[in-house]
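Shown next, in structure tokens, is the structure this report addresses.
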Amino acid sequence: MKTRGQQGSGGRGGGDRAQRPRRPARDPARHAAYDVVRAVDERDAYANLLLPRLLRERGIKGRDAALATELAYGTLRGLGTYDAVIEMCSDRAPDPDVRDALRLGAHQLLRMRVPPHAAVGTTVDLVRLRIGPGAAKFVNAVLRKISSRTIEEWVPIVAPDPAHDPVGHLAVAYGHPRWIVSAFRDALGGGDEMADLLEADNARPLVTLVARPGRSSVEELEDSGAMPGRYSPYAAYLREGDPGQIEAVAETRAAVQDEASQLVALALTRVPLSGDGDEVWLDMCAGPGGKAGLLDAIAVYGDLAGLSDEARHGGSPDSAAAGAPEAFPGGARLLAADVQYHRARLVWQTTKDASVVTVDGTEPAWRPGTFDRIMVDAPCTGLGALRRRPEARWRRDPSGIAELGRLQRRLLETALDAVRPGGVVAYVTCSPHLAETQVVVGDALRRREDVEQLDARAYVPEVDDLGDGPHAQFWPHRHGTDAMFLALLRKRS
Ligand SMILES: C[S@@+](CC[C@H](N)C(=O)[O-])C[C@H]1O[C@@H](n2cnc3c(N)ncnc32)[C@H](O)[C@@H]1O
């Protein structure tokens, strides 16, 4: 029996370094990324919660932290594409722990600028340490095959022919489930922009802050290193750093909020009402409180930024017909409701003047015709915010849409009962799926003669390309925002 020192020609004192058993390199970034990908796969963990915790616990900082983030999030986003390539390069189905390592290696080979020898070598080291030598050999062989082609060369091999199956092709090429590609295509009304949309959906979104009027200002956020937003007068982009460290955010005078989320709340406050009174507002599905935080501030202090004359008279072709949006002067109060106690608590923590209640919006605790303005930010599939959670697209399931649709209809119906004649309801989803957006609104309009739909685009005149109306549809590739939907419905006087 040979001892370790006598193995082959490359023993401890020998000259053949290539044959010496290699000690796996210490590689905290890759180990952390692997742990995240495994936890997401194995026990449905949320990457955006787990990764920061692992980085903190393991003291991973700076470039290593950035590498771990890119590895984990990029691998999770691209799973669909990588699995197709891995399948093509494997002679057997890998065990889940091995498959996750292969996904990590494939991401480095196909979408990162890691040199192939480093991508293969570090992944093999990781597998040898975490799983065993047999698996390491298998991973080495598969990754070497993957490294023989670029992603541009693999896609035509592993994806369906775009001429026969354009949706299937896009799904594999851009790492999205097929049903989601299909839903996006239906909502966009065609295929021309699909590649841009899916690419934008694969990019990490900018951290967008909101300076709640009367409580903070964009200038204050600029002093903390942010730059003014593109559309919302209250938005600022933070390119780096932890938003939680900004004083205004820590004090809930400002918050993290996507720009489309700011604009749909702002739009609700800009619609002129008919009849008397504009003092009582309702956010019916308020948790965790992004829109409620902005509505609460505008209700009390008014829309302090207002609109520039240019924005007021520019924007969509219908803005003139609808009447130029006016800045709300303040002096109202917001009631913020959510069916879940812990979500209502978050609203209470982030708002300052709003009354917050735990209420089921479909079984209202208020009398019909109570409110002047109502926000219904309905629970939905969240397909418009896939950029924020890398694994979310693989967790969503189209089977829930019918049930969500029933809830969305009931919430909109009770909101239309709860608004006074001449008042307005904003129906919002963070999803462009037609079954959750236009179909829900269309059904409400068919059922009720006391409701008219306004041209929502006229109330966000700062933004172009919001679709053919009368609703407004935001898109990541057009606006850099989540794919948020807004319909404005007025109860006839
Ligand atoms: C899309 S989220 C709202 C996001 C929130 N408006 C924001 O901007 O931060 C939908 C919310 O509706 C709540 N919800 C679900 N069913 C509800 C119901 N029947 N009545 C009231 N709220 C409900 C959920 O708990 C969830 O917090």
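Those letters in the sequence shown? Residues 1 to 493, by full-length UniProt numbering. Beta carbons: idealized from backbone N, C-alpha and C, even for Gly.
Can you tell me which of 156, 231, 428 puts its alpha carbon nearest to the alpha carbon of residue 284? Ranking 156, 231, 428 by Cα distance to residue 284 puts 428 first.
Who are the near neighbours of residue 110 in its chain, counting only those whose CB is closer than 6 Å to its CB and skipping five residues on each side? Here the set comprises 151.
Give the single residue among 59, 98, 89 whose Cα lies nearest to the Cα of residue 38. Comparing Cα positions, the closest option is 98.
Cα-Cα separation between residue 319 and residue 445, rounded to whole angstroms: Caution applies to residue 319, whose pLDDT of 45 falls short of 50 and renders its modelled position unreliable; the value that the coordinates give is listed next. Rounded to whole angstroms, the gap between the alpha carbons of residue 319 and residue 445 is 22 Å.
Quick check: the Cα distance between residue 254 and residue 303, rounded to an integer number of angstroms? C-alpha separation (whole angstroms): 15 Å.
Based on Cα-Cα distance, which residue from 349, 353, 418, 431 lies nearest to residue 382? The option with the nearest alpha carbon to residue 382 is 431.
By DSSP, does residue 482 sit in helix, in strand, or in coil? If DSSP states are grouped into helix, strand and coil, residue 482 belongs with coil.
Drop a sphere of 10 angstroms on the beta-carbon of residue 137, count the other beta-carbons inside from all chains shown, and report buried for 16 or more, exposed for fewer. Classification of residue 137: exposed, given that the 10 Å Cβ count is below 16.
With a floor of 3 residues, list each beta strand (DSSP E) that falls wholly inside the segment 194-218, ordered by position along the chain. Unbroken beta strand (DSSP E) runs of no fewer than 3 residues, entirely contained in the segment 194-218, are found at 207-211, following chain order.
If residue 241 and residue 225 are in contact, beta carbons under 8 Å, what's the gap, nearest whole angstrom? Confirmed, about 6 Å.
For ligand 1, is there any heavy atom lying closer than 7 Å to the beta carbon of residue 105? Every heavy atom of ligand 1 is 7 Å or more from the Cβ of residue 105, so no.
For residue 397, which beta-bridge partners are listed by DSSP? In the DSSP output, where bridge partners are listed per residue, residue 397 has none listed.
Residue 476, DSSP secondary structure in three states: Secondary structure of residue 476 (DSSP, three-state): helix.
Tell me the residue span of the alpha helix (DSSP H) that contains residue 374. That residue, residue 374, is in no alpha helix (DSSP H); its beta strand (DSSP E) goes 371-377.
Just list the residues that DSSP pairs residue 491 with in beta bridges. Secondary-structure assignment with DSSP links residue 491 through a beta bridge to 451.
Residue 366 in three-state terms, based on DSSP: Three-state result, residue 366: coil.
For residue 424, name the three-state secondary structure that DSSP assigns. The answer is strand: DSSP assigns residue 424 an E or B state.
What span of residues does the beta strand (DSSP E) with residue 336 cover, start to end? In the DSSP assignment, residue 336 falls within the unbroken beta strand (DSSP E) covering 333-338.
Report yes if the C-beta of residue 96 is less than 7 Å from at least one heavy atom of ligand 1; otherwise report no. Taking the Cβ of residue 96 as the reference point, every heavy atom of ligand 1 lies at 7 Å or farther away.
Find out if the Cβ-Cβ distance for the pair residue 188, residue 197 is shorter than 8 Å. Yes, the Cβ-Cβ distance between residue 188 and residue 197 is below 8 Å.
Cβ-heavy atom distance between residue 261 and ligand 1 below 7 Å? Indeed, a heavy atom of ligand 1 lies less than 7 Å from the Cβ.
In three-state DSSP terms, what is residue 227? Three-state result, residue 227: strand.
Report the option in 141, 263, 421 whose CA atom is closest to the CA atom of residue 116. Closest in C-alpha terms to residue 116, from the list 141, 263, 421, comes 141.
Check for me: the beta strand (DSSP E) holding residue 283 runs from which residue to which? Run containing residue 283: 280-283, per the beta strand (DSSP E) assignment.
Alpha-carbon to alpha-carbon, residue 175 and residue 79: Approximately 6 Å, taken between the alpha carbons.
Taking 7 Å as the cut-off, is the beta-carbon of residue 337 closer than that to any non-hydrogen atom of ligand 1? Within the cutoff, so yes.
Does the CB of residue 135 have a neighbour CB from chain C at under 8 Å? In the structure shown, chain C does not exist; there is a single protein chain.
Here's the rule: buried if 16 or more other CB atoms are within 10 angstroms of the residue's CB, otherwise exposed. What is residue 61? By the 10 Å Cβ count, residue 61 comes out exposed.
Measuring CB atoms only, is the segment 180-195 touching the segment 52-67, in the sense that at least three cross pairs come out at less than 8 Å? No: fewer than three Cβ pairs fall under 8 Å.
Going by DSSP, what residue range makes up the beta strand (DSSP E) through residue 114? Annotation: residue 114 is outside any beta strand (DSSP E) and is labelled neither H nor E by DSSP.
Using 10 angstroms around the beta-carbon of residue 401, count the other beta-carbons present and answer buried if the total reaches 16, otherwise exposed. With 16 or more Cβ atoms within 10 Å of its Cβ, residue 401 is classed as buried.
Classify residue 433: buried if its beta carbon has 16 or more other beta carbons within 10 angstroms, exposed otherwise. Its Cβ being crowded by 16 or more others within 10 Å, residue 433 is buried.
Which residues bound the alpha helix (DSSP H) around residue 301? Here the alpha helix (DSSP H) through residue 301 covers 290-301.
Tell me which same chain residues have a C-beta within less than 7 Å of the C-beta of residue 486, skipping the five on either side of it? So the qualifying residues of the chain are 264, 267, 426, 428, 456, 471, 472.
Can you tell me whether residue 445 is helix, strand or coil according to DSSP? Here residue 445 sits in helix by DSSP.
What separation, rounded to the nearest whole angstrom, lies between the Cα atoms of residue 272 and residue 295? Cα-Cα distance, rounded: 16 Å.
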